[in-house]
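> This structure is in structure tokens; I'll ask about it shortly.
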RNA sequence: GGCGGAGUAGCUCAGUGGUAGAGCAGGGGACUCAUAAGCCCUUGGUCGGUGGUUCGAAUCCGCCCUCCGCUACCA
């Protein structure tokens, strides 16, 4: 029985169009972290999903002649299938339109109200009749005045609404204290410092409801404080709808049973890790904790803020149109190839410039040439020189590979614990390099020739060397499994060793034990070698051909 | 404007006082088990500029230039 639990989340993706690779990047990273916890024996819960309410989505659906619900259903299908193609295995895919989420949002608001943190006020700003209220930063201002970038011909109105506000201003000191007492709760460090700076500038209350945005969760409280639920169970439209913050952020508690299943919620909350993009840092590390404090709930243990994928220095995004289609990348690199290229090529703690070419280069260099070829040459030599006998490795104190493994494994695990996934893979691949150098240093083909000529010592050494290499391949395959979950079982099968984990990484023994040098099963035969990661032709090579 | 960060080989970056590094890309070589992969060697940088501290600075301090992040109602 696992003795520790681990709950992690991604941000929920805005379901306003098909998913881009940049959106899924975060989910792939979270999935790799999830699998590493499952395989180390933690009882793990991984939540991801979609954010489906907004004026924007209702407008888009309307333009397409669909109901908002039908539209988001289609978008969600695209997200789920793209995630499936990438081997993402969440324990729950949450949608903000899920019925239990509505109950959770209502409960969070009731608690905030009961705590005196909600009050009625007026919100005013530019209002686009097609999209609703617009932030000043989202508007274009020129000689003709202010207008909406999406609807330049539509005249904006300066509207005032009566809205509910959340008393964020009351939480400044509590937040500062929490940051002081939990110095690494937001990481990387520089992201925490940005938020601290923001808090110290002073916090303003924010509005949490909208009067004129029907595609949203009904606001549960009437202006007089009474419930907005009508006798027939429906909600009074006069109460308006819940605005984005409570609607979206609350998903993290909904996902683990709030408020329907107190026992389950007690088990999983607080989350161990929220993984988010830098653009929503403030929501997660200032507004969300204040909302939780107001509700009397503990705060997540850590928020990790990753950067963006850049294309020639510009943020990859749907609106810029410079995003990669995840399905197209998977078609080219495969599911695991895409996962690896993403997580190795993109630094998890900052922005990184990427390109199709950078992914292909990374795939070819690390997966096809270094790791895939290592496995292939090891198996091929075992088949040719030893008739496919799966010879055992030498004891750790009799092979130079064992100390190399110890060092690489330590580096890998340290970086993984620090959420530096790219560095974790780099550390592991140090050992791939060491194993390849080991082959050339030992020259098994020379040993094999000598053995054929009757050299007993050469025959013995050949068995030891290939045994070490088979072990090296096994160790790399298992250690890399959270990153390349579809390939890891294939590596095991080719090596002729059992793969004791379920497809989502659960069930099996603690990975720790399997990562000890010499812990593989003895005896048996290898499977059939076949390339794990076929080499891709680069665009330059294709042009020459 | 305020606060913070960064400018090091073609590219991505490591390197916080003591003779400039890694990976990838480029060039050469020896081998042959392998996915024409791997291995070995190698080209390449006045470490943004400038002044200073020091026996000695990419590394510390001042000034300047350039770029970037944060600076609230977008999901």
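Numbering (the numbering used here), first residue to last: 46 to 590. A virtual CB, placed ideally from N, CA and C, is assigned to each residue, including glycine.
1. Return the first residue and the last residue of the beta strand (DSSP E) that residue 168 is part of.
2. Answer yes or no: do residue 514 and residue 335 have a C-beta to C-beta separation smaller than 8 Å?
3. Alpha carbon to alpha carbon, what distance is there between residue 443 and residue 590?
4. CA-CA distance, residue 498 and residue 505?
5. Note down, one range per segment and in chain order, each alpha helix (DSSP H) of at least 4 residues found wholly within the stretch 88-137.
6. Would you call the stretch 150-169 and the stretch 314-328 in contact, with 3 or more CB pairs under 8 Å?
7. In the structure shown, what three-state DSSP assignment does residue 274 receive?
8. Given a cut-off of 8 Å on the beta-carbon distance, is the pair residue 6 and residue 171 in contact?
9. Of the residues 427, 66, 417 and 254, which one's Cα is nearest the Cα of residue 536?
10. Compute the distance between the beta-carbons of residue 59 and residue 89, then report whether it is under 8 Å.
11. Drop a sphere of 10 angstroms on the beta-carbon of residue 87, count the other beta-carbons inside from all chains shown, and report buried for 16 or more, exposed for fewer.
12. With DSSP collapsed to three states, give me the class of residue 598.
13. According to DSSP, is residue 570 part of a helix, a strand, or is it coil?
14. Going along the chain, which residues of its own chain have a beta-carbon closer than 7 Å to the beta-carbon of residue 56, five neighbours each way excluded?
15. Would the stretch 111-124 and the stretch 265-272 be scored as touching if the rule is three or more Cβ pairs under 8 Å?
16. Start and end of the beta strand (DSSP E) containing residue 206?
17. So what does DSSP say about residue 83, is it helix, strand or coil?
18. Here's a check: name, in chain order, each residue in its chain whose Cβ is nearer than 6 Å to the Cβ of residue 395, leaving out the five neighbours to either side.
19. Counting Cβ pairs, one atom from each stretch, are 3 or more of them under 8 Å apart for the stretch 562-576 and the stretch 531-545?
20. Using alpha carbons as the reference points, say which of 427, 494, 463 and 451 lies closest to residue 510.
21. As an exercise, report each continuous alpha helix (DSSP H) stretch of at least 4 residues that is fully enclosed by the stretch 526-580, in chain order.
22. Which whole-angstrom value is the C-beta distance of residue 371 and residue 92, which I expect to be below 8 Å?
23. Going by beta carbon distance, what residues of the same chain come within less than 6 Å of residue 527, once the five residues before and after it are set aside?
24. In the DSSP assignment, find the unbroken alpha helix (DSSP H) run with residue 369 in it and report its ends.
25. Around the Cβ of residue 551, are there at least 16 other Cβ atoms within 10 angstroms (buried) or fewer (exposed)?
26. Does DSSP classify residue 141 as helix, strand or coil?
27. Would you mind sorting residue 447 into buried or exposed? The rule is 16 or more other CB atoms within 10 Å of its CB.
28. Three Cβ pairs or more, each shorter than 8 Å: is that satisfied between the stretch 278-288 and the stretch 233-248?
29. Are the beta-carbon atoms belonging to residue 214 and residue 163 less than 8 Å from one another?
30. Which residues in the same chain have their Cβ closer than 7 Å to the Cβ of residue 233, if we skip the five residues on either side of it in sequence?
31. What does DSSP give as the partner residues of residue 464 in its beta bridges?
32. Are the beta-carbon atoms belonging to residue 253 and residue 303 less than 8 Å from one another?
33. Would DSSP call residue 57 helix, strand or coil?
34. If distances are taken between C-alpha atoms only, which option among 64, 474, 493 and 146 comes closest to residue 127?
35. If you measure between the beta carbons of residue 101 and residue 61, is that distance less than 8 Å?
36. Just list the residues that DSSP pairs residue 360 with in beta bridges.
If we stick to the structure as given:
1. Note, residue 168: beta strand (DSSP E), 163-173.
2. No, the Cβ-Cβ distance between residue 514 and residue 335 is not below 8 Å.
3. At residue 590, the pLDDT of 42 sits below 50, so the modelled position is not reliable; the number obtained from the coordinates is stated separately. Looking at the two C-alpha atoms, the distance is approximately 47 Å.
4. Rounded to the nearest angstrom, the two C-alpha atoms are 13 Å apart.
5. The alpha helix (DSSP H) runs of length 4 or more contained entirely in the stretch 88-137 are, from start to end of the chain, 100-108 and 113-130.
6. The stretch 150-169 vs the stretch 314-328: no contact.
7. In the three-state scheme derived from DSSP, where H, G and I count as helix and E and B as strand, residue 274 is classed as strand.
8. There is no way to answer for residue 6, as the model of the chain reaches only from 46 to 590.
9. Cα-wise, what sits closest to residue 536 is 417.
10. No. Outside cutoff.
11. So residue 87 ends up on the buried side.
12. Any question about residue 598 goes unanswered here, given that the chain covers just 46 to 590.
13. Strand, per DSSP.
14. Closer than 7 Å at Cβ, skipping near neighbours: 71, 321, 322 and 325.
15. Touching, no, given that fewer than three Cβ pairs across the two stretches are closer than 8 Å.
16. Taken as a continuous stretch (DSSP letters only), the beta strand (DSSP E) holding residue 206 covers 202-211.
17. Residue 83 falls in the helix class under three-state DSSP.
18. The answer, listed in chain order, is 352.
19. Output reads yes: the stretch 531-545 touches the stretch 562-576.
20. It is 427 whose Cα lies nearest to the Cα of residue 510.
21. As for any alpha helix (DSSP H) of minimum length 4 sitting wholly inside the stretch 526-580, the runs are 532-540 and 556-559, ordered along the chain.
22. That belief does not hold up - the Cβ atoms of residue 371 and residue 92 are roughly 20 Å apart, past 8 Å.
23. Apart from sequence neighbours up to five positions away, the residues of its chain that approach residue 527 with a beta-carbon distance below 6 Å are 77, 80 and 81, ordered along the chain.
24. Where residue 369 is concerned, there is no enclosing alpha helix (DSSP H), because DSSP gives it neither an H nor an E.
25. Flag for residue 551 reads buried.
26. If DSSP states are grouped into helix, strand and coil, residue 141 belongs with coil.
27. By the beta-carbon neighbour count (other beta carbons within 10 angstroms, threshold 16), residue 447 is buried.
28. Judged by Cβ distances under 8 Å, the stretch 278-288 makes no contact with the stretch 233-248, as fewer than three pairs qualify.
29. Note that the C-beta distance between residue 214 and residue 163 is not below 8 Å.
30. In chain order, 350 and 394 place their CB closer than 7 Å to the CB of residue 233, counting only its own chain and leaving out the 5 sequence neighbours on each side.
31. As far as DSSP is concerned, residue 464 takes part in no beta bridge.
32. Cβ atoms of residue 253 and residue 303: not closer than 8 Å.
33. Three-state result, residue 57: coil.
34. Checking every option, the nearest Cα to that of residue 127 belongs to 64.
35. Yes, the Cβ-Cβ distance between residue 101 and residue 61 is below 8 Å.
36. Paired residues: 355.
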